[in-house]
Structures are given as structure tokens and as C-alpha cells.
Amino acid sequence: MRALSSNVAGRLEQRKTSLPDCALVIIDKMTPTEHEKVDMKKVNCQLLTRNIIGSAAILLLTAFTAQAASAGKSQHQKVQDGAKAYLMSELGSDNADTKVNVEIVDIDERIAIPACPEGFSYNADQASLSQSYISVRVSCRNNDWYLFTSAHVNRTRQVIVTSGMISPGTVLTSENLQAADIDVNRLRHTAYTDIDALVGARMKRRVRDGQPVQSNMLCFVCKGDRITISANLSGMQVKTAGIAKQDGVVGDTIQVVNANSQKAVIAEVASAQEVVVSL
Numbered sequence: 358m359r360a361l362s363s364n365v366a367g368r369l370e371q372r373k374t375s376l377p378d379c380a381l382v383i384i385d386k387m388t389p390t391e392h393e394k395v396d397m398k399k400v401n402c403q404l405l406t407r408n409i410i411g412s413a414a415i416l417l418l419t420a421f422t423a424q425a426a427s428a429g430k431s432q433h434q435k436v437q438d439g440a441k442a443y444l445m446s447e448l449g450s451d452n453a454d455t456k457v458n459v460e461i462v463d464i465d466e467r468i469a470i471p472a473c474p475e476g477f478s479y480n481a482d483q484a485s486l487s488q489s490y491i492s493v494r495v496s497c498r499n500n501d502w503y504l505f506t507s508a509h510v511n512r513t514r515q516v517i518v519t520s521g522m523i524s525p526g527t528v529l530t531s532e533n534l535q536a537a538d539i540d541v542n543r544l545r546h547t548a549y550t551d552i553d554a555l556v557g558a559r560m561k562r563r564v565r566d567g568q569p570v571q572s573n574m575l576c577f578v579c580k581g582d583r584i585t586i587s588a589n590l591s592g593m594q595v596k597t598a599g600i601a602k603q604d605g606v607v608g609d610t611i612q613v614v615n616a617n618s619q620k621a622v623i624a625e626v627a628s629a630q631e632v633v634v635s636l
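Per the working numbering, the very first residue in the sequence shown carries number 358; after that it's consecutive.
1) For the region 509-518 against the region 536-547, are there 3 or more C-beta pairs whose distance is under 8 Å?
2) From the DSSP output, in three-state form, read off Glu532 for me.
3) Would you kindly work out how many angstroms separate the C-alpha atoms of Ala627 and Arg498, rounded to a whole number?
4) Pull up the distance between the alpha-carbon of Ile517 and that of Tyr503, whole angstroms please.
5) What number of angstroms, rounded off, separates the C-alpha of Ser487 from the C-alpha of Arg494?
6) Determine the direct distance from the alpha carbon of Val457 to that of Ala484, and round the result to whole angstroms.
7) Between which residues of its own chain and Asp454 is the CB-CB distance below 8 Å, once the five residues before and five after are set aside?
8) Given this structure, state the Cα-to-Cα distance separating Ser507 from Ile464, to the nearest angstrom.
9) Does DSSP classify Lys596 as helix, strand or coil?
10) Does DSSP classify Val570 as helix, strand or coil?
11) Excluding the 5 residues flanking His433 on each side, which residues of the same chain have their C-beta closer than 7 Å to its C-beta?
12) Going by beta-carbon coordinates alone, are Leu529 and Met560 separated by less than 9 Å?
13) Reducing DSSP to helix, strand and coil, say where Val541 ends up.
14) Identify whether Met445 lies in helix, strand or coil by the three-state DSSP scheme.
15) Go through its chain and collect everything with a Cβ distance to Gln630's Cβ below 7 Å, but skip five positions before and after it.
16) In angstroms, rounded to a whole number, what distance separates the CA positions of Gly557 and Gln594?
17) Would Gly521 pass as a contact of Asp553 if the rule is Cβ separation under 9 Å?
18) Using three-state DSSP, classify Lys435 as helix, strand or coil.
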């Protein structure tokens, strides 16, 4: 503030050097009584000088206000940055495969935020940390001051999505699949992270471009498919032909019928061509 005042004073001194002698007398020498005795020319000069001094005062006030506003904004930003860092530390370990982005809602600049020598404290309800919008309590122990700010949390995960429109019955290949970061709120069912793991699966319905590929929209083994039934018996692997009676993805257990004996068994889907029976 001292440097700011010196700067304005310097500007005022520069203006004084360019004034007529009467103005310098009015500024530096004349008393109120002497002001009343000057002629009209000097009165006009006095008014001019007062305007100059008034302008300098306004300049000083404006600069001071701007400086105060800048300091206030810095304090607001400090609190917002602290709230973001707090949430990132709380949410960063949610899931190693999930990317977390936090956007803090700007605090109203009209709110006065005091200095906090010990540093601000941040706290959020643990139950709310899984939500998209989180309220954070900011407080200072030095003066019992606190406020609530809010944040929007976006969680994304890299999963496999469709590349182009895909029709029902289409067998997936590496050409119609790609990886993309998707909001986890869009993933209602099991999503996939490996393109190779989806090659050979069949789409059950029409899917638009960029849609996350999830377990409910496809089948590796589809109802009516002719598949191979494998079983381990006394250390030997036995295989026979079968027909799927249900849709299933890898890892699902479905009902299949032995094509030779017509006996129904429960088997685990191992691939698009094979199921495994546990004996």
C-alpha cells in the first residue's frame, strides 16, 4: 500500500509542475481567507486545481480498491484449491481404473474470507463421496469461521465402445470396437476393457456409435447355437456336441443340451464356441 501511495503522489507531483503559478499558490501557500480575495482568473484556476487533486484522490481510491479485491480473490481461490485437493485425496483411491475430475463451484466474491494462520480445514460427509455433487465444509479453528462450498465430481473409466452403428446379430471384430473414457454412471452392467476379449461375441440389439459394450447387450453363446461341451472325467477331457438353451457371456452358467443324449446340463461359457461342464 505504501508503494501504491508513492506512485500516486508521484503522478500528482508531475501534474503540479505543469500548472500555472496561481495553482501552485493555491495548493501550497494560500489559506482559506486568501482564497476569498483572488480574482476570477485565480478562482477558475483554483477550481481547476481542486479537480486535479480530486482526480488524484479518486485514482488512489480506485487503486486501493483493486488491490483489496485482488487480495480477496486470492483468498477465495486458496479456499477453492484446498477443497479440490481434499476431495482428490479422498476420492483418488476409489478405484484404480477410475479417473476422477473435481470442479469446485466458485465461491461468491461478496463473501468475506478471513485469514487463517493455522490453515483451513475441509470435511465432507463420507456417504456423499460416491455422489456426483458433494458439499464440503471449510472451517478455521482460529476464529470459528466456516462456510460450505460444493463440487461437481466426474468419474470416468476407459472401456471398450462401439466404433460405428452395429446391427443385431453382428459378430464383433477389432474393427468395430475401440477404447474410450466413459462416465461410470453410464455403466450399468459389466463393461469390458480388452478388445480381444470381445472378438467373436454377437450383438443382441442395434447399438449406436460410441456406446459402451456391456454384458447385457451381447452373447458369446446365444440361444440355439451349436457349441462344444467339454468335461474332465478321471483326468481325461471329454467333448461332445451340444445346443445352447440360453444366452450367455464368458463366465456365465447356462443350460445346454447334449446333442447325442438329449440330456440337459448346466455348463459355464468358456468362449463363443465352447462350454465347460463340472463333474
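For every residue, glycine included, the Cβ atom is placed at its ideal position computed from N, Cα and C.
The structure presented is a predicted model; accordingly, all values stated were derived computationally and were not measured.
In this structure, then:
1) yes
2) In the sequence shown, residue 532 corresponds to position 175, counting from 1. DSSP places Glu532 in helix when its eight states are reduced to three.
3) Working through the sequence shown from its first residue, we reach residue 627 at position 270. Working through the sequence shown from its first residue, we reach residue 498 at position 141. Distance between the alpha carbons of Ala627 and Arg498 is about 60 Å.
4) Counting from 1 along the sequence shown, the entry for residue 517 is found at position 160. Counting from 1 along the sequence shown, the entry for residue 503 is found at position 146. Between Ile517 and Tyr503, the C-alpha separation is close to 44 Å.
5) Within the sequence shown, residue 487 is the residue found at index 130, counting from 1. Within the sequence shown, residue 494 is the residue found at index 137, counting from 1. Distance from the CA atom of Ser487 to the CA atom of Arg494, rounded to whole angstroms, is 17 Å.
6) In the sequence shown, residue 484 corresponds to position 127, counting from 1. In the sequence shown, residue 457 corresponds to position 100, counting from 1. The alpha-carbon separation between Ala484 and Val457 amounts to approximately 17 Å.
7) Working through the sequence shown from its first residue, we reach residue 454 at position 97. Excluding sequence neighbours, Asp454 sits near Arg514, Gln515 and Thr550.
8) Indexing the sequence shown from 1 puts residue 507 at position 150. Indexing the sequence shown from 1 puts residue 464 at position 107. Those two C-alpha atoms are separated by around 9 Å.
9) Taking the sequence shown and counting its residues from 1, one reaches residue 596 at position 239. In the structure shown, Lys596 adopts extended strand secondary structure according to DSSP, grouped into three states.
10) Taking the sequence shown and counting its residues from 1, one reaches residue 570 at position 213. In this structure, Val570 counts as coil in the three-state DSSP scheme.
11) The sequence position of residue 433 within the sequence shown is 76, counting from 1. Closer than 7 Å at the Cβ level, and outside the excluded window around His433, lie Ile464, Glu466 and Ile470.
12) Within the sequence shown, the letter at position 172 stands for residue 529. Within the sequence shown, the letter at position 203 stands for residue 560. Yes; because the gap between Cβ atoms is below 9 Å, this pair is in contact.
13) To locate residue 541, count along the sequence shown from 1; it is residue 184. If DSSP states are grouped into helix, strand and coil, Val541 belongs with the helices.
14) Position 88 of the sequence shown holds residue 445. It is helical.
15) For the purposes of this step, residue 630 is taken as residue 273 along the sequence shown, with counting starting at 1. Answer for Gln630: Ile584 and Thr585, listed in chain order.
16) Taking the sequence shown and counting its residues from 1, the one referred to as residue 557 is at position 200. Taking the sequence shown and counting its residues from 1, the one referred to as residue 594 is at position 237. Cα to Cα, Gly557 sits roughly 24 Å from Gln594.
17) Counting from 1 along the sequence shown, the entry for residue 521 is found at position 164. Counting from 1 along the sequence shown, the entry for residue 553 is found at position 196. No, Cβ-Cβ distance for Gly521 and Asp553 is not below 9 Å.
18) Counting from one through the sequence shown, the residue named residue 435 turns up at place 78. Lys435 falls in the helix class under three-state DSSP.
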